[in-house]
Every structure is written in structure tokens, then in C-alpha cells.
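Keeping their order, the protein sequence lines are chains A and B. Note that this note's numbering numbers the first sequence so that position 127 is 127, with each residue one more than the last. Position in the second sequence (from 1) plus 225 gives the number in this note's numbering. Following: one structure in C-alpha cells, then a few remarks.
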Amino acid sequence: MSDRHDLLIEQLASPDPTTRRYAAEDLGDLHDPCAVPALVEAVRDPQVAVREAAVDALVVIGGQAVSEHVAPLLEMEDVALRNYAIEVLERVGPESIDVLVAACKSASPDVRKFALDILGKVARGCAGRCLDAVAALLGDDNPNVAGSAAEALGRMGDSRATPCLANHLGGPPWVQLCVFSALSQIGGETALKVLRSVEVGQLSPYTKHFYDSSLKITEASVRRP
Amino acid sequence: MFMNDDEVMGRIRGLIELNTGICLGAKKDLMLSHRLERRMAASGSLSLKEYYFLLVEKDRYELNNLIDEITVNETYLFRDFPQLQGFAEKVLPPYLDAKRLNRDYRMKLWSAACSTGEEPYTLSIILHEMIRDYPMWDVGIDATDIDRGVLAACREGVFCDRSMKDTPVPYRIKYFSKIESGWQVDPALSSTIKFGRANLMDRGDMRLRRNYDFVFCRNVLIYFSEDSQRKVVNGFYDALVPGGYLFLGHSESVGRLTAAFSLERMDKFLAYRKPP
């Protein structure tokens, strides 16, 4: 490790917040994965400005090493810390996917939900890397997690998810809404066929409203050349 | 009728001034040229002269298009008067009192992206008016812009009627002299202002700027991308002393960029404060 690196790591503990902030920024510029643990620690700094500089630096460094070090923050009780972790993982992008797939197996429903929400944003275009893990959570006991799984599949827009969604048309009402919406986002003939197979008479008026709008959007997607 | 391009430019400047009161001196020729090029392309004019005749012979449609292009960067003294009034009457007095208590008689402001100098001179007037024990204080205003061309105009301190339109008459009388080319600022105002070039996107440049009590950067961020806005706002945060204030344009906000500032609402405007 260089003298510069060591000096900047030392400066992250300076009593002067501006020095700490500059150190975080400069560590980001070095693109040095060795700085990641110290920057993750700086995300807990008492000064918001230093925390934000550490978040930006982690994003600049990027890569799986950053995702691996940041993912445990998703489990924290401190909401701000969790939000910083979500921000970093989202901004790091597809390189976070493997870590997020692992987080889908967390015992905490909150962590599973956060992981799904982030995957929905970062895995568009590379859904194959996480499709199975996300689809598996369509059957999660927690309806918020199952709903997020459907939302994530919808955002990814990969038609390979359509059969998985079709298997969960009869879930709790919240999950149903999310499944209808996901099918409409994916669109295409198969999604339309799945939606048309729904027994509409069984739906509550509220769910029926969502079903109708999802069907309309999916029909339009099929009509589009 | 033969006219060279310089003459045509002069006529176009006259036309704009006639229709809007905006006086575009020769110093702004480069800016005007860029905007004229855009409008000429949009209107299908093949030469500056052809475009000029389009402006004078057709209806106002094209003239209005040109005016829209021109007014984007136009500024004037005491722009956004309510915000400045809030700064002068609500923010400044308690801030000064706190400094007096600490026997700290230094006051440092930064007018970032000062364009042709209207903002720093306005701030200088406000400080002269609001600091009752002014001679006790070491007041400095750093006025910066990325454009070296406008800085020369800033140092000259001469403003046209359009720039002076919102300047209260007592201040005109007290701080300006009428000269042939416009209004010349009193040297007492100029002496507190240091003009220089700064690129808000240059981290090294930004880090040199420290210990400001107030930073003004109004109607500039709107031209930046969100990522650049974040960098610039972070730079302002670092440039401020703890407890210092950042003032942005009324349509600008740091809300999406950082949570480091605390928001202070003063009547109809917002100020962003670095936590003390």
C-alpha cells in the first residue's frame, strides 16, 4: 500500500470533518479496493457530509468488493445506514447482483425485500443472473417480500419470468396486484395469455381494477409492432 | 445596402435593446454570436445579414425567439429582491451579533459564477448598509466566474440601465455615478470585492476556497447535471464555515443532492445552513 493511501486512511480519523471528507474523496479517486473497509467505516461518521463523501467514494471504486462490504449494512437497525447501503448497491449497478442474490436468502424479510428492490433496478438487461433467486421469493411467506419479487421481475422485463409469475396468480391480494403489474411490464403474447386465464369473478373490486389496467397495458404491448 | 458583419451585429444589438432594454455591449459579442448561430440555423438563414432582415421585416416571431435565447444569462443588480431582503434583514443581523459576541470581525462572502458582477456589487451594498459598525470589520467578497471575459467587465464596474432596473433609487444615488456608458460603481464598493476565475467543477480550485460565511450561487446549478450539481454543492459545503449559509436560486435546491445542510425557511425563501 502506498504512503498516500496510508495517509488518507489516517486522515479519515482526523478530528477535522473537512479533512475526513477530503480523505474520503481522494481515496475514491485512487480507485483502490484496499480502501473499501475504511470507507465503509466512514459511512458511520458522525458528520453527514463525511458519510456522503464516503458513499460517493465507494461508488467510484465500485465492483464486487464494495458490494460485499456494504451489503451487511442492509441488516442494520439504523435507517440512514441502510439507506446508504441501498444507494451504494444501486449505484454500483450489475456488479452488485451476486451479493444481492445471496442477500435474497437472508433470514431477515427486510433484507430480502431490500435486495429484491435493488435487483429490480440494477438487473435490467442481465436478469438471467438472478432470475431464479428472485422468482423463488414469489412464494415467500411474507407478502411484502413476495410482492417485491414480482415487482423486481416486472422491472427487469425479462419474458423468461412470465411462467414463474403465472404460478402465483392466486396469491394474497397484494401479491396478485404485483404479479398483474409485472406481467403488464413484461408484456407480450404469453403474458397476455396468462392474464386472460385469470378467473376475474374471484377478484375483489380493488384487485379487479388493477387487473383491468394491467390487461389493457398488456394488450397494447401486443398490438405494438 | 452593403453592411459588413460588425455593422449587422451592431444593428442587431440595437434592435434587442430597443425591444427589451437589454444592452449587449461589444464585450458580449461572443455570447451573442453563439446564440445568433443557433437561431440562424433554426430559421434557415444563410448569412447574418439575411437573418437581420428576417428580424426587421417579418413579424415578431423570430425576434421573440432571439430574445428568449438572449435573456437566459441576463442578470441585474438586486435580482430576486425578496431573497436578498431576507438575507439582509433576517439572516445577517443575528449572524453579525453572534460574531460580535465572539469578537470575530471577519466577514467573507463568495459570489460563485458572478457573471458580469451584478451580484457581488449588490452584496457589497447590502453589507455596507446592514453592518452598522462597518469600519470595525474586515469584509471581503470573492467574486468568481469561469469566463475570464466577464471578469474584466466585473472589475470595470459599469452597468447599463437594464442592470440597474431593480436598484433602489437611494442606493443608485449613494453608490453609483452616472457616466456616459452607464452607471459607475463607487470605488468603496469595489475595494471589498476580489474578482477571480474559478471553475466550480475543479476540485483543486474548490478546495482552495475556505472559511466563507455566505456563499451565493444563484441560477447556475440549473445548467448542471445532477452529478455535477452534487459535486458543486459539496464544494460549497466545504467552503463554508460551520454555521455558514448557502443561497441558491429560487428554482434550485440541494434536497436531492445532499442531506448535509439544514434547511432554514425565511418568509418566502429558503437558505441552506452548514450545521454549526
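Each residue gets a CB set at the ideal place from its N, CA and C atoms; glycine is no exception.
- Just measuring C-alpha positions, the residue of A:80, A:142, A:202 sitting nearest residue 108 of chain A is A:142.
- In the structure shown, residue 477 of chain B adopts coil according to DSSP, grouped into three states.
- No Cβ of chain B is located within less than 7 Å of the beta carbon of residue 42 of chain A.
- In this chain, the beta strand (DSSP E) harbouring residue 442 of chain B covers 437 to 442.
- Within chain A, the C-beta atoms nearer than 7 Å to that of residue 462 of chain B come from 49, in chain order.
- At the C-beta level, residue 101 of chain A and residue 67 of chain A stay beyond 7 Å of one another.
- Bridge partners of residue 497 of chain B according to DSSP: B:471, B:488.
- Contact note: residue 22 of chain A reaches chain B through 432, 463, using a C-beta cutoff of 8 Å and chain order.
- Under the three-state reduction of DSSP, residue 337 of chain B is assigned to strand.
- Residue burial annotation: residue 444 of chain B is buried, with at least 16 other C-beta atoms found within 10 angstroms of its C-beta.
- Counting C-beta pairs closer than 8 Å gives three or more between the stretch 287 to 294 of chain B and the stretch 252 to 267 of chain B, which meets the contact rule.
- For residue 408 of chain B, the enclosing beta strand (DSSP E) has its first and last residue at 407 to 410.
- Secondary structure note for residue 366 of chain B: it is in no alpha helix (DSSP H), and the uninterrupted beta strand (DSSP E) holding it is 363 to 370.
- For residue 402 of chain B, there is no enclosing alpha helix (DSSP H); the enclosing beta strand (DSSP E) has its first and last residue at 401 to 404.
- For residue 52 of chain A, at least one C-beta of chain B is nearer than 7 Å to its own C-beta.
- When Cβ-Cβ separations below 7 Å define contact, residue 337 of chain B makes no contact with chain A.
- Per DSSP, residue 216 of chain A is one residue of the alpha helix (DSSP H) stretching across 205 to 223.
- At a cut-off of 4 residues, the continuous stretches assigned as alpha helix (DSSP H) that sit fully inside the stretch 30 to 110 of chain A are 36 to 42, 48 to 61, 63 to 70, 79 to 92, 97 to 103.
- Of all residues in the stretch 13 to 38 of chain A, only 18, 21, 22, 25 come within less than 8 Å of chain B when Cβ atoms are compared, listed by chain position.
- For residue 485 of chain B, a Cβ of chain A is located within less than 7 Å of the residue's own Cβ.
- Annotation note: the stretch 109 to 139 of chain A contains the following uninterrupted alpha helix (DSSP H) runs of length 4 or greater, listed N- to C-terminal: 109 to 122, 131 to 136.
- Residue 209 of chain A sits exposed, since fewer than 16 C-beta atoms from the chains shown fall within 10 Å of its C-beta.
- The shortest CA-to-CA distance from residue 48 of chain A to any of B:498, B:335, B:406, B:486 is the one to B:486.
- Residue range 173 to 186 is occupied by the alpha helix (DSSP H) that includes residue 180 of chain A.
- Secondary structure note for residue 263 of chain B: its alpha helix (DSSP H) is the uninterrupted segment 254 to 268.
- Across the structure, residue 435 of chain B and residue 404 of chain B are spaced so that their CA atoms are roughly 37 Å apart.
- Between residue 58 of chain A and residue 39 of chain A the beta-carbon gap is near 5 Å, inside 8 Å, which marks them as a contact.
- Between the C-alpha atoms of residue 306 of chain B and residue 153 of chain A there is a straight-line separation of about 51 Å.
- Secondary structure of residue 390 of chain B (DSSP, three-state): coil.
- Three or more beta-carbon pairs drawn from the stretch 135 to 151 of chain A and the stretch 163 to 180 of chain A are found closer than 8 Å, and the two stretches are therefore classed as touching.
- The residues 365, 366, 367, 368, in chain order, have a CB closer than 8 Å to that of residue 419 of chain B in the same chain once the five nearest residues on each side in sequence are set aside.
- In the structure shown, residue 332 of chain B adopts extended strand secondary structure according to DSSP, grouped into three states.
- Between residue 9 of chain A and residue 34 of chain A, the alpha-carbon positions lie close to 10 Å from each other.
- When only Cα atoms are considered, residue 104 of chain A and residue 45 of chain A end up about 28 Å apart.
- Its chain contains 346, 349, 350, 353, 382, 400 as the residues whose beta carbon lies nearer than 8 Å to that of residue 414 of chain B, once the 5 sequence neighbours on both sides are disregarded; these appear in chain order.
- As the crow flies, the alpha-carbon of residue 254 of chain B is around 20 Å from that of residue 267 of chain B.
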